Amino acid sequence: EGMNMRDARTGQPIFLVPSVAAATSGGDAGEGPGRGAAFNIDPRHPGSECWAAGAGMTGLYNAKGERIGDRRPRSCNFAVWWDGDLLRELLDQNYVAKWHWESGTEIVLLRAQNCSSNNGTKATPTLSADLFGDWREEIVWRTVDGRELRIYTTTIPTSHRLTTLMHDPQYRLAIAWQNTAYNQPPHPGFLLDEGAPLPPRPAIATVAAKP
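According to our numbering, the sequence shown is numbered sequentially starting from 780.
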């Protein structure tokens with residue numbers, strides 16, 4: 780079937796992008812693509828942009844399934860809120876990159892020296908999560924010798940102010956699922972996006988311990 784976007788409530792396809800025949804592009808084409816991603820990386824189009832890797836698939840698509848570019852990010856893996864805007868950055872292997880939507884290229888913002896990703900070619904971090912507040916996300920990588928876990932956090936200022944992502948129950952659950960199954964990047968239960976209203980402060984408070 781190639782790449783498809785489906786209504787989470789009904790399972791019905793919103794759009795379908797067929798894969799390229801194996802005879803045409805070889806390799807794993809003819810099967811489904813090996814990976815897919817959907818994150819907001821281009822402010823010119825509302826909602827998330829999506830793309831797929833493998834099966835001869837190319838191009839970048841908007842939330843309606845319209846092809847908006849012939850070039851797509853090289854990375855098709857995790858995403859992270861790293862710089863000061865509400866677009867997501869690309870997280871793959873041991874680096875963070877910004878998608879430059881005008882030139883169709885990745886700009887590396889961070890490369891974790893002497894650190895490595897996990898799970899072979901899946902190349903996932905040990906953990907990505909809003910660990911320290913400020914709503915941007917930290918990344919945990921292991922060192923190449925496996926002796927240390929290193930936590931990286933952004934130093935880029937932001938004008939956006941909202942409660943930490945860990946206050947959102949779905950996001951908190953998403954941090955747990957990263958290490959229990961086929962780990963995927965975390966998503967909050969609200970839309971954190973350019974042009975969308977910021978979420979209200981959650982009604983969550985700590986309970987005092989009984990003496």
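We treat Cβ as the ideally placed atom computed from N, Cα and C, and that holds for glycine.
Bear in mind that the values here come from a model prediction, so they are computed numbers and not experimental data.
- By alpha-carbon distance to G835, the top candidate from R814, N841, P825, D821 is R814.
- Here the alpha carbons of V799 and T942 stand approximately 44 Å from one another.
- Within the region 894-959, complete beta strand (DSSP E) segments of at least 3 residues are found at 906-908, 917-922, 928-931, given in chain order.
- CA-to-CA, the gap between N897 and H824 works out to about 33 Å.
- Of the other Cβ atoms in all chains shown, fewer than 16 fall within 10 Å of the Cβ of Y961; this residue is therefore exposed.
- Between the beta-carbon of L839 and that of F857 there is about 18 Å, and that puts the pair past the 8 Å contact cut.
- Going by DSSP, W878 is part of the beta strand (DSSP E) stretching over 874-879.
- The shortest C-alpha to C-alpha distance from G826 to any of R867, R850, V859 is the one to R867.
- When C-alpha distances from R921 are compared across T937, A891, D862, the shortest belongs to A891.
- Looking only at F969, L928, W914, the smallest Cα-Cα distance to T937 is reached by W914.
- Boundaries of the beta strand (DSSP E) harbouring M782: 782-785, taken from the DSSP string.
- Contact check for A876 against I886 passes: the beta carbons are separated by less than 8 Å.
- The distance from the Cβ of I935 to that of V919 is about 19 Å, inconsistent with a contact at the 8 Å cut-off.
- Rounded to whole angstroms, C855 and H879 show a C-alpha spacing of 15 Å.
- If you look at F794, you'll find it in the beta strand (DSSP E) that goes 792-796.
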